[in-house]
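Protein chains in written order, with the working numbering: chain P, 146 to 287; chain R, 123 to 288; chain E, -2 to 460.
Quick reminder that beta carbons are idealized off the backbone N, C-alpha and C, glycines included.
Keep in mind that this is a model prediction, so the values were computed, not measured.
What follows is a set of notes on a single structure, which appears directly below.
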Amino acid sequence: MQNEFIPLLLLMLVAAVICTAMVTLSWVLGPKKNTPYKASPYECGVQPAGNANERFPIKFYLVAILFVMFDIEVVFLWSWLTVFNSPLTGLDFKIFSFMEVLVYLSTWIVGYAYVVRVGAIDWDETTSLHPEKLGQTAQEAN
Amino acid sequence: MSASEIGFLALALLAVIGAAGVVLIDNPVRSALCLVLNFFVLGFIYFTLGAPMIGITQIMVYAGAIMVLFLFVIMMLKRQGAMAKPDKPDSRLGLAVVLGLALAVTVYATVIAPQGVTLPLGIKDYGTPQAVGVSLFTNFVWPFEVVSVLLLVGIVGSIMLAKRRI
Amino acid sequence: MDWLIALRDGTGPLGQWGPIVLGVIRVLLFVVPILTLVPGLIWWERRLLSWMQDRIGPNRTGTITFPESFPLAGLRGKKVRTFGLLQPIADGVKLFFKEDATPAAVDRLVYFTAPAVALFPAFALGGTLPIASLRYPFEAAGSGIFAFFTPVANVDIGILYVLAISSLGVYGVVLAGYASNNKYSLMGGLRASAQLISYELAMAMSLACVVMASGSMKIPDIVAFQEGPLWGFVNGVQNWAIFTPYGLVAAVIFVICMIAETNRAPFDLPEAENELIAGYHTEYSSMKFAVFFMGEYAAMFVFSGVFAAVFLGGANLMPFRWEQLSSDFPAMAGLFRGLAYANYWLGPVAFLAKQAAGITFFIWLRATLPRLRYDQLMNLGWKSLLPMGVANFIVVGLWVVCTQMFGPAGGFASLLGAFVVLFVLYTNLVGAAKTSTPGIQKRGIKMVDPTPQGVTMVDPNKV
Chain P
146 MQNEFIPLLL LMLVAAVICT AMVTLSWVLG PKKNTPYKAS PYECGVQPAG
196 NANERFPIKF YLVAILFVMF DIEVVFLWSW LTVFNSPLTG LDFKIFSFME
246 VLVYLSTWIV GYAYVVRVGA IDWDETTSLH PEKLGQTAQE AN
Chain R
123 MSASEIGFLA LALLAVIGAA GVVLIDNPVR SALCLVLNFF VLGFIYFTLG
173 APMIGITQIM VYAGAIMVLF LFVIMMLKRQ GAMAKPDKPD SRLGLAVVLG
223 LALAVTVYAT VIAPQGVTLP LGIKDYGTPQ AVGVSLFTNF VWPFEVVSVL
273 LLVGIVGSIM LAKRRI
Chain E
-2 MDWLIALRDG TGPLGQWGPI VLGVIRVLLF VVPILTLVPG LIWWERRLLS
48 WMQDRIGPNR TGTITFPESF PLAGLRGKKV RTFGLLQPIA DGVKLFFKED
98 ATPAAVDRLV YFTAPAVALF PAFALGGTLP IASLRYPFEA AGSGIFAFFT
148 PVANVDIGIL YVLAISSLGV YGVVLAGYAS NNKYSLMGGL RASAQLISYE
198 LAMAMSLACV VMASGSMKIP DIVAFQEGPL WGFVNGVQNW AIFTPYGLVA
248 AVIFVICMIA ETNRAPFDLP EAENELIAGY HTEYSSMKFA VFFMGEYAAM
298 FVFSGVFAAV FLGGANLMPF RWEQLSSDFP AMAGLFRGLA YANYWLGPVA
348 FLAKQAAGIT FFIWLRATLP RLRYDQLMNL GWKSLLPMGV ANFIVVGLWV
398 VCTQMFGPAG GFASLLGAFV VLFVLYTNLV GAAKTSTPGI QKRGIKMVDP
448 TPQGVTMVDP NKV
């Protein structure tokens, strides 16, 4: 077991203790006089309307999954960064791996261009993922 | 007991608590939270095994990215509080317990009993970023390039899933 | 220093617990400054905002006037001013004793965990961040007393650790929004999570550029790389990343992402008080509210530190290579040697000063810029910063290869050439695409014109 990570664990422990202490202390120290008005959600001071358990737009899901994809794509490059510009490797390796990374990134660029082209990250409902851009005919879309 | 052992036991305990929480808790959001805890602690267990690169990838990709997606998916479905429980106990439960016990006995008989309880040892410098980087571009160039194509397919596929009508 | 070495290597009287004790000291040396400086930070923000808005701000709390009958004769009738510095502390103490109102329909467990989860990354973030120089002047790396006390852990994956922990920050807000059972909170939480994950990508790309140039993910190594000669051939000046062309681009991307990651203005959409009341922390009261607040400020503090270490040369006061200068100019060697030692011992102060400058920049932006719209936010993150980051990444790769083949000057020339090519490409491709699509007309949106006679539709193309 490598000991160099133990201080990080200690930091986590200290951070967790501080966070828990802060949240529980106010719970312990403060007065508790609950009233129906305090117990209802605050929505601009008017009667809460409807239920907060609403479904939300698929947009957020799309952003999250695209984030996962692009994040994984970058993750593969991090280890390369530590050997690319370092005395550990020779010039041949540097040039070869740089070419490989360019090929790798070219598919990144294709994917990114597709994402922008179909408007997957447009927040405007009229332009995002429009059937025309996805190559569908109007009949298919309906 | 040495510091390393205490560290490993604490991490392992947290990981097991997280994993048990995923299975035992009814509320899907809380269950997902337990999974985040499990992934996070798992990353640290990788660290202690001398594989920092895979550990940090675990935290970054699983705890930081994929679980956000999970939470979104859970929250996107209309929440109904806890999942409905079946009226009578599931008959498969007994089978699961038997199989689980059998696995535990097998692990004990084949691994723990002959070797005794020792700390897992990682190979030195096997999982450092430098080692991973060099091997990615020497032995695993083709898989590395294929991964990019796979991710491209993933991007296109996720957009196809999210479009208005299929 | 021998006993410190023994402590670190586990050969001292404490045996194998020595490194643990040293680790605890390191953690405390890192966490205690954050805890003590955050109230000062809040005071500084309130005072600075007030000055920028021509107000006075909190300047009274903590001013003590001693009565004429005070036992110590020297203090009678004297006034001790603290310029309102105690205001945040008074606020904090008050908040601990305020009622912790919990709405009825919340998901209680998640509701109570969310503030802690939001604060946790802010503290854990800087675990690999050195707050002083690890190299004693004229000696090898790792020498000098500061090397024992900072960073908390000098691990191989320093920068990735920062990124990974900051990506956990999204849970605090999304869980708070979910648990509050309030539509505005949910909206704020969702906005926050989409914003955080979008800017995470560009931030990773910008840091990747510096990591590629320095060839190591350890933050102390990145600082050491920045202590080299500028652009590889200007001997007397340090190579701070922000002075290099690629580093400047990366720094701009990083600053924008850093502001977005800490939910500060102009990226404070998740807590936009005039549209979402307060976003994800609407339903939080008492210290639980303050914990979110504190998480934001602690994250600001640590992110400023990351920026200082990665782009501003870490704990170096000035971008000059005193050791090199002392050998280049033997006539003034004594002066330069002295400056080198001063630079080392003033390292923590210099680092703190850089952090303070970063925080002041945050506050200045808040006083200056209006909030972005959500689609602008997404476009900035995905369509500007991300491609910029990737282009920069490729350019740095080119620079590395050219430097290896043609030496530092050739590498620098290739760098400038690549930027010119990229600029021309950008103006021709993107610039042309932008002018050809007038937004409103393309989307076919009808503008509404209310008149006393009723509502009439206006064709935007004829206005």
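Can you list the residues of chain E that residue i reaches, using a CB-CB cut of under 9 Å?
| i | result |
| --- | --- |
| P:G256 | Neighbours of P:G256 on chain E: none; closest Cβ ~11 Å, over 9 Å. |
Just to make sure I have the definition right: I need the residues of chain P whose C-beta is within less than 7 Å of the C-beta of residue i. Which are they?
| i | result |
| --- | --- |
| E:Y464 | Since the first residue of chain E shown is -2 and the last is 460, residue 464 of chain E is not available in this structure. |
| E:E96 | G175, P176, K177, K178 |
| E:N389 | None at all; the shortest Cβ gap to chain P is about 12 Å. |
Let's see if you can read the secondary structure: which residues bound the alpha helix (DSSP H) around residue i?
| i | result |
| --- | --- |
| E:G71 | Careful: E:G71 lies outside any alpha helix (DSSP H) and carries neither H nor E. |
| R:N160 | 150 to 170 |
| R:M175 | 174 to 179 |
| E:Q223 | 216 to 223 |
| E:S140 | It is not in any alpha helix (DSSP H) - E:S140 carries neither H nor E in the DSSP assignment. |
| E:V307 | 283 to 308 |
| E:K380 | Where E:K380 is concerned, there is no enclosing alpha helix (DSSP H), given that its DSSP letter is neither H nor E. |
| E:D372 | 371 to 375 |
| R:A183 | Per the sequence shown, the amino acid found at residue 183 of chain R is Val instead of Ala. It is not in any alpha helix (DSSP H) - R:V183 carries neither H nor E in the DSSP assignment. |
| P:T234 | Where P:T234 is concerned, there is no enclosing alpha helix (DSSP H), given that its DSSP letter is neither H nor E. |
| P:M157 | 151 to 174 |
| E:G331 | 330 to 342 |
| E:D(-1) | -1 to 6 |
| R:L131 | 125 to 146 |
Below 7 Å on C-beta distance, what does residue i contact in chain E?
| i | result |
| --- | --- |
| R:R152 | L106, V107 |
| R:G186 | A161, S164, L165 |
| P:M214 | Neighbours of P:M214 on chain E: none; closest Cβ ~10 Å, over 7 Å. |
| P:L170 | F93, M284 |
| R:I178 | I154, L157, Y158, A161 |
If I follow the unbroken beta strand (DSSP E) through residue i, where does it start and stop?
| i | result |
| --- | --- |
| E:G233 | 231 to 235 |
Mind checking who residue i pairs with in its DSSP beta bridge?
| i | result |
| --- | --- |
| E:A248 | E:A248 is not bridged to any residue. |
| E:F317 | E:V234 |
| E:L227 | E:V231 |
| E:R132 | E:A138 |
Output, in chain order, the set of chain R residues within a Cβ distance shorter than 9 Å of residue i.
| i | result |
| --- | --- |
| E:S190 | V190, L193, F194 |
| E:V171 | V190, L193, F194, M197 |
Give the residues of chain P in contact with residue i, contact being defined as C-beta atoms less than 8 Å apart.
| i | result |
| --- | --- |
| E:W14 | Those do not exist, as E:W14 stays about 11 Å from chain P at its closest Cβ, beyond 8 Å. |
| E:M202 | V219 |
| R:F266 | F221, E245, Y249 |
| E:T241 | Result: empty, since nearest Cβ-Cβ is about 13 Å, beyond 8 Å. |
Counting only Cβ pairs nearer than 7 Å, list the residues of chain R close to residue i.
| i | result |
| --- | --- |
| P:I290 | Because chain P spans 146 through 287 in this model, residue 290 of chain P falls outside it and cannot be assessed. |
| E:Y175 | V151, M197 |
| P:T227 | P251, Q252, G255 |
| P:Y161 | In the sequence on display, residue 161 of chain P carries Ala and not Tyr. In chain order: nothing, as chain R lies at least about 11 Å away. |
| P:S224 | M175, P251, V254, G255, L258 |
| E:Y181 | The contacting residues do not exist; E:Y181 stays about 16 Å from chain R at best. |
| E:Y168 | V158 |
Quick one: is residue i near chain B, going by C-beta distance under 8 Å?
| i | result |
| --- | --- |
| R:V158 | As a matter of chain content, chain B is missing from the structure shown, whose protein chains are P, R and E. |
Which residues of chain E have a Cβ atom closer than 8 Å to the Cβ of residue i, listed in chain order?
| i | result |
| --- | --- |
| P:F221 | Near P:F221 there are no residues of chain E at all, since even the closest Cβ is about 11 Å away, more than 8 Å. |
In chain P, which residues lie with their C-beta within 9 Å of the C-beta of residue i?
| i | result |
| --- | --- |
| E:I17 | N148, I151, P152, L155 |
| R:F262 | In chain order: nothing, as chain P lies at least about 10 Å away. |
If the cut is a Cβ gap below 8 Å, which residues of chain R does residue i touch?
| i | result |
| --- | --- |
| P:Y206 | L191, F194, V195, M198, A284 |
Heavy atom of the ligand NAP less than 7 Å from the Cβ of residue i, yes or no?
| i | result |
| --- | --- |
| E:I53 | Inclusion of the ligand NAP in the displayed structure is not the case, the ligand content being empty and no account of it being possible. |
Segments assigned beta strand (DSSP E), at least 3 residues, entirely inside the region 219 to 286 of chain R: none
Contact residues within the region 207 to 235 of chain E, judged by C-beta distance below 8 Å to chain R: M214
Please give the ranges of any alpha helix (DSSP H) in the region 150 to 193 of chain E, keeping only runs that are unbroken, at least 4 residues long and fully inside the region. Taken in chain order, the complete alpha helix (DSSP H) segments of 4 or more residues contained in the region 150 to 193 of chain E are 155 to 164, 166 to 176.
Under 9 Å, CB to CB, which of the residues in the region 235 to 262 of chain P have a partner in chain R? Listed by position along the chain: F238, F241, S242, E245, V246, V248, Y249, L250, S251, T252, W253, V255, G256, Y257, Y259, V260.
Taking the runs of the alpha helix (DSSP H) that are 4 residues or longer, which of them lie wholly in the region 51 to 120 of chain E? 84 to 93
Give, in chain order, every residue of the region 137 to 163 of chain E whose Cβ lies closer than 7 Å to some Cβ of chain R. V152, D153, I154, L157, Y158, L160, A161
In the region 305 to 333 of chain E, which residues sit with their C-beta less than 9 Å from some C-beta in chain P, listed in chain order? none
When you check each C-beta in the region 273 to 284 of chain R against every C-beta of chain P, which residues fall closer than 7 Å? L273, L274, G276, I277, V278, S280, I281, A284
Chain P contacts made by the region 284 to 297 of chain E, where a contact means CB separation under 7 Å: If the cut-off is 7 Å between Cβ atoms, the region 284 to 297 of chain E has M284, K285, V288 near chain P.
If you measure beta-carbon to beta-carbon, which residues of the region 245 to 258 of chain E are closer than 7 Å to chain R? Legend: CB atoms of the region 245 to 258 of chain E lying less than 7 Å from CB atoms of chain R are not found in any residue.
Which residues, taken in chain order from the region 29 to 59 of chain E, show a beta carbon closer than 7 Å to some beta carbon of chain P? none
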